[in-house]
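Colleague: Quick note, the sequences are listed as chains S and L, same order. Quick note on the numbering used here: the first sequence kicks off at 538 and runs consecutively. Quick note on the numbering used here: the second sequence kicks off at 24 and runs consecutively. All C-beta atoms in this analysis are idealised placements derived from N, C-alpha and C, irrespective of residue type, glycine included. Would you mind keeping the following structure in view while I ask a few things?
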Amino acid sequence: MNRLFSTSAALLAVALTAASVIAQDDADAPAVDFARDVKPLLARRCFACHGPETGEGGLRLTSRAEALAELDSGMLAIVPGDPDESELLARVSSDDEFMRMPPEGEPLTPEEIQTLRRWIAEGADWKQHWAWLPRQPQTPPAVQRDDWVANPIDAFILAKLEAAELEPASDAQRRTLIRRAYYDLTGLPPTRQQVEQFVGDDAPDAWSRLVDKLLESPHYGERWARHWLDVVRYAETNSFERDGAKPNAWKYRDYVIRSLNADKPYDQFVREQLAGDELDNVTRDSIIATGYYRIGIWDDEPADPTQSRADEQDDIVSTTSQAFLGLTVGCARCHDHKIDPIPQADYYGLVAFFADVTSYAERGDQQTNNQWSFGDPEELQRRKKLQRREARISREKTSMEEVGIRRMEAADQRRSETAERQTLLEEKLAAFLNPSELELYEETVRRLQAVHDEIAGLPPLESALALAKCEPHPEPTHVMERGNPHVPGEVVEPHFPQLFEAPAPTIAAAPAEARSAGRRRVLAEWIASPDNLLTARVIVNRVWQHHFGRGIVRSPNNFGEMGDPPTHPELLDWLAQWLVDHQWRLKPLHRLIMTSHAYRMSSAGSERGLAIDPDNDLFWRFNMRRLSAEEVRDSLLAASQTLNRDVYGPSFYPKLSEEVLATQSNPGSGWGESAPEDRARRSVYIHVKRSLLDPLLTAFDLPDVDLSCEARFVTTQPQQSMALLNGAFAIEQASRLADEILAMEAVSPAEQVAASVQLALARDATPEEVDSGVKLINTLQTKHNLSPEQALAQWCGVVLNLNEFLYLD
Amino acid sequence: MSSNVTHAESFCRRTRREFLWEIGGGFGGAALAGMLAADGAFASDNPLAARPSPRPARAKSVIFLFMYGGPSHVDTFDYKPAMVGMDGKTVDVKTHGRGGHRNQGRIVEPRWKFRQYGECGKWVSDLFPHLGKCVDDIAFLHSMTAESPIHGSAMLMMNSGKLQSGYPALGSWVNYGLGSVNENLPGFVVMLDESGGPISGAKNWASGYMPATFAGTVFRPEGSPINDLALPQGVSRELRRDVLDSLRELNESHLALRPDQADLQSRISAYELGFRMQQHAPEAVDISDETEETLNLYGVNQPETEAFGRRCLLARRLVERGVRFVQVYSGGAHNDANWDAHGDLEANHNLHAKETDQPIAALLTDLKRRGMLDETLVVWGGEFGRQPTAEYAVGTGRDHNSYGFTMWAAGGGMKGGVSVGSTDEIGSAAADQPMHVKRLHATILHQLGLDPNGLSYLYRGLDQKLVGVEHVEPIHEVIA
């Protein structure tokens, strides 16, 4: 393991647990774990020929019974307890190239062979994957150092540390802790005053009061919404050629922020997003929640509409199963999942639950399916009637225009399909219509204008991006052969994946006048049930992930057999139960986690810890982390004292350079101009245009917004330093910070340096920093002829580029 | 380090190695890792350093000349003598374009004469008199097919193998598979047309589910080529040096208390790398050291060919400097600013062929005389071709055609002077040996020494591949 990536690797997922590392070196190793050690190996190296669909030579390694069955040759691949009689072992360890398995690729490594040998010797147990087993009641384990245990979380952590003879890191300093807490809960830095107040607060409950205060901050929702928005691939445009805007998408974003700030129970949060239009108590909020279905990509001009529709459904099934259930069912779109027990029929069983979800829109009508209008039903009715009339007249008008256009030159016909259409019509249409046609056309234009005016005169209407139109009586859902939507196979009913062993859903037939099919409600209730195998585990894991830098399961979207096994399975189950027992509310869970001793550890390394568990699988220390893309930008604004902390509302457009806009086919299209005070808002309010992401954010690993992102990458690359040293935004913040200092009348360079550190890092400057800063400011003035103000701005740039500014201990 | 990309048969899997990959640092990271290794800062098995190709490689770099908008194959390289004299004739032919499905159309006879070139006697239209002289180095693929005749999805298909956005571009895959050899330049460079980006903009060179560091970097052909690379106004290199020294000193004090935190160290180094890039990247686009003869060859001194000629010349300079994948766009923005000849076919193609013919021929010639063509794979084509029939009742405009079109490849281990596959006699659809876009992708990876059916990246529980889950063969007929 090289050093460069150790931290990032620890922050992300690395499959090996320290326990398994130790196991290989230890003669008294614990038993081989089938799910963790053996099945992935079989899947990777053997399933191509001996998997669910193949079974060559009579060997099918898909269940214990099948694996133990007699082969075509009459031999036995696996004889439990007797590795030497097991043909499988003989074949994988054979030196004879014609005998050796697998026939292609590298032979198994000696370690892999040893694993198989031990597994067979130990009885060839075929244990169920941990995540497919129900949660077990967990009791915090006994530990030697009781005094370290602040709450039950610590018992689970410490027990493993003690077993590995690892010391937990010492407590983090208060200055470290407050910064950690502010960023974790609000994504913003504390001010110097807030730091000093906390550092000086000797009351025993100072920490828990701080945590409570931050949980009450409206900025909590902003920070945590961003995590959820990653998972549900939130964006405000459709991608593809036009990448058109989704009106009112920001209301869904605000819904997420508000839900978190209100500490809405997570089960309700689930129900609202999946079936907010079908609940017993449909509210404005629950309607906006169904914007969940409308934030994905949408091809307004599909080459193959059937394929495109299937892709849209796949997007919803894949996102939903990953986000809420930690399941990657995508493999089963084309064939039975080769590793996880997800047959193809289960994938389409999920598709069937969403059968009433209409496509995002139609090219000619980009509103009806996705814009939900709130207001008096009679008013809405009147408006709809007018809109229908408007659409009809508009179609008449267009068809008359086409008559004329078809008589024009090809170049003009082409122009008629571009933004120049109106100009063309004004210039030439009259000449290509005969007098009676022209008269009729002009009459139609007048009628259209009249209905326009009438609509414009209606009282304003509030709309939201939502599941505005459903198909209450959808066509049957078919399994699609090889995933090809043009080759429908057998019909499937909506059903839960078999691995859950859940009773079949009962779904009442939708009444004739129903607006939706009622299937999503059933799915939502099942997912949001306390008994669901995965839901509670998945959400507590996400919460843990964003406090500790990685989940207990390091693949938060994949709890399946190819995901990473939990490093602390008992803790995961205990937390899941705890959440369910506490009404699915996340704020108490944050409080519990943050008041644990484990959370308050220092991130300092220890020799033994680094040697035994460099990836920090056992949580012997806290994981240092770099600020996220949004935190970087927000912290720059906070440091320059210009952050606009207004909460909620429509998105804003940050200023993008001409070079960046020039990557568009129509530079500046779909990008607006926002007022300076709006541009100083938090990053969560940036308009998310799929084809035009802010390069400052992408440099700091803002993920692609088209697919669910479970955990962001943490890269270190020169584009980051260039953005912070040369980018217009960072330079602006540095000079604003300088202006702020100049306004404070800090006259001497030493005072200026001290002030810059106080404002940007919320602490007093060290003598070394003051020296360094003064020296630089002097050099810049004497050697490079900068004015005192310019020199200070350069120094402020240095402060905003410090590792301390960008990393949290 | 290449073991993770060489398994021909593999299932959804995740190894520690791969994960290191996934958090990789792209061109910065690769360079950085190499630099630290040179400093003895860490062990030799660096996951991001340039890697030898897992299989014998014929090409080290790719230059993809993207004719955005879709050039007409029957008017360029797909000679259709049968169409001569058919102009205006209505024929039964199934087409699918922007205007939907049609069963009949009015033939637009190719508007340019064809003549034979080279030892192979290849028929090339008068749109490409310069390129005609290079045919003995070119392998023509006449039976390409794509899944979409609509720009948005077709661009994505040509660039990433998928009809939807969110997936890594070909250039991202190449850099993922091979790493970067030049620490001062990105491994995947995109040069756009002066008229603007293609539709969907940055989606065409995005890295999808891979780290953003594998995404294409847009390179401007003059001045400071990369976004945020240039020093701000009033900041000299000497001044910046003093600022960086001050920053490093403070960051090193911070690091001293956290000696095991490698990220902090790499971030310190990233500033130095950025500083060097500020010097080297502009150097790559500074063509003042090219001879007059070379500039003339590329047409840099003529107004029509100046812009594209410069991009082609820069493509060579970038490849020379170790950039793995360069994509050069001919055409941008909308309508006739690119090859999308819906209205006046003649005006459109005369314009864009004029802009590109001499520069492309120059690129091939220049690469060859420098001994670089053998290891540089040059690919030419658009996201689809065009229909044999007219789009409108009058005029010469042609609609899109993904049923059959021509692309070509030269250098990088391709045969020269060969043509593979064919369309029907009016070029409406691939007839002999239809070749899906994925086969072109497979060929490109194969020439780079990567196994197209093995190069995979675990995402969403599935080993994702550029060519998809089904096995895809490279086009062996054109591989030397």
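1) Please list, in chain order, the residues of the region 1199-1230 of chain S that have any C-beta partner in chain L closer than 9 Å.
2) Within its chain, find whatever has a CB closer than 6 Å to the CB of residue 876 (chain S); leave out the 5 residues flanking it on each side and keep chain order.
3) Residues of chain L with a CB under 9 Å from the CB of residue 1344 (chain S): which are they?
4) Skipping 5 residues on each side, what residues in its chain have a beta carbon closer than 6 Å to that of residue 717 (chain S)?
5) Measure the Cβ-Cβ separation of residue 221 (chain L) and residue 215 (chain L) and say whether it is below 9 Å.
6) What does residue 1018 (chain S) touch in chain L if you count any residue whose Cβ is under 7 Å from its own?
7) Considering only C-alpha positions, which residue in the set S:670, S:693, S:674 and S:669 is nearest to residue 680 (chain S)?
8) Could you compute how far the alpha carbon of residue 900 (chain S) sits from the alpha carbon of residue 839 (chain S)?
9) By DSSP, does residue 46 (chain L) sit in helix, in strand, or in coil?
10) Against residue 2 (chain L), what residues of chain S qualify as contacts under a CB-to-CB distance less than 8 Å, listed in chain order?
11) What does residue 834 (chain S) touch in chain L if you count any residue whose Cβ is under 9 Å from its own?
12) In whole angstroms, what separates the C-alpha of residue 485 (chain L) from that of residue 1289 (chain S)?
13) Taking a Cβ distance cut-off of 9 Å, strictly less, list which residues of the region 258-278 of chain L are near chain S, in chain order.
14) Excluding sequence positions up to five away, which residues of its chain have a Cβ less than 6 Å from the Cβ of residue 1169 (chain S)?
15) Hey, quick one: how far does the beta strand (DSSP E) through residue 350 (chain L) stretch, first residue to last?
16) So that I know if they touch, is there some Cβ in chain L lying closer than 9 Å to that of residue 1264 (chain S)?
17) Tell me which residues share the same chain as residue 601 (chain S) and place their Cβ nearer than 6 Å to its Cβ, disregarding the 5 neighbours each side in the sequence.
18) Report back the beta-carbon spacing between residue 1313 (chain S) and residue 265 (chain L) to the nearest angstrom; my notes put them in contact at under 8 Å.
19) Distance cutoff 9 Å, beta carbons only. Does residue 93 (chain L) sit that close to anything in chain S?
20) I'd like to know whether the C-beta of residue 80 (chain L) is nearer than 9 Å to at least one C-beta of chain S.
21) List the residues of chain L whose Cβ lies closer than 7 Å to the Cβ of residue 1331 (chain S), in chain order.
22) Is the CB of residue 1023 (chain S) under 9 Å away from at least one CB in chain L?
23) If you draw a straight line from the alpha carbon of residue 90 (chain L) to that of residue 405 (chain L), how long is it in whole angstroms?
24) Say whether chain L places a C-beta atom closer than 9 Å to the C-beta of residue 555 (chain S).
25) Cα separation between residue 654 (chain S) and residue 567 (chain S)?
26) Where do the ends of the beta strand (DSSP E) carrying residue 88 (chain L) lie?
27) Examine chain S for any beta-carbon lying closer than 9 Å to the beta-carbon of residue 201 (chain L), and answer yes or no.
28) What does a CB cutoff of less than 6 Å around residue 84 (chain L) pick up in its chain, not counting 5 residues either side in sequence?
29) Using a C-beta to C-beta distance shorter than 9 Å, which residues of chain L count as neighbours of residue 1287 (chain S)?
30) Taking just the CA atoms, how far does residue 583 (chain S) sit from residue 569 (chain S)?
31) In this structure, does DSSP put residue 1347 (chain S) in helix, strand or coil?
32) Measure from the alpha carbon of residue 860 (chain S) to the alpha carbon of each residue in S:1276, S:1246 and S:1256, then state which is nearest.
33) Can you pull the chain L residues whose beta carbon is under 7 Å from the beta carbon of residue 1338 (chain S), in chain order?
34) Where DSSP assigns a beta bridge to residue 157 (chain L), which residues make up the other side?
35) State whether the region 797-805 of chain S contacts the region 1119-1128 of chain S, with contact taken as three or more CB pairs (one from each stretch) at a distance under 8 Å.
36) Considering only their Cβ atoms, is the gap separating residue 888 (chain S) from residue 850 (chain S) smaller than 9 Å?
Modeller: The short version:
1) 1199, 1200, 1201, 1202, 1203, 1204, 1227, 1228, 1229 and 1230
2) 580, 1098 and 1099
3) 277, 281, 284, 286, 287 and 290
4) 1345
5) yes
6) Result: empty, since nearest Cβ-Cβ is about 14 Å, beyond 7 Å.
7) S:693
8) 10 Å
9) Annotation note: pLDDT 33 at residue 46 (chain L) (below 50); position unreliable, no value reported.
10) Because residue 2 (chain L) is not part of the residues shown, which for chain L are 24 to 503, the question remains open.
11) 187, 188 and 189
12) 55 Å
13) 258, 259, 261, 262, 263, 265, 266, 267, 268, 269, 270, 272, 273, 274, 276, 277 and 278
14) 1237
15) 348-353
16) yes
17) 663
18) 7 Å
19) no
20) no
21) 266
22) no
23) 4 Å
24) Its pLDDT being 33, under 50, residue 555 (chain S) is placed unreliably in this model, and the value from its coordinates should be taken loosely. No, because no Cβ of chain L sits closer than 9 Å to the Cβ of residue 555 (chain S).
25) 14 Å
26) 84-90
27) no
28) 342, 347 and 399
29) Within chain L, no residue comes near residue 1287 (chain S); the closest Cβ sits about 15 Å away, beyond 9 Å.
30) 19 Å
31) The shown model of chain S, from 538 to 1346, leaves out residue 1347 (chain S), and the question about it has no answer.
32) S:1246
33) 270
34) Partner(s): none; residue 157 (chain L) has no beta bridge.
35) yes
36) yes
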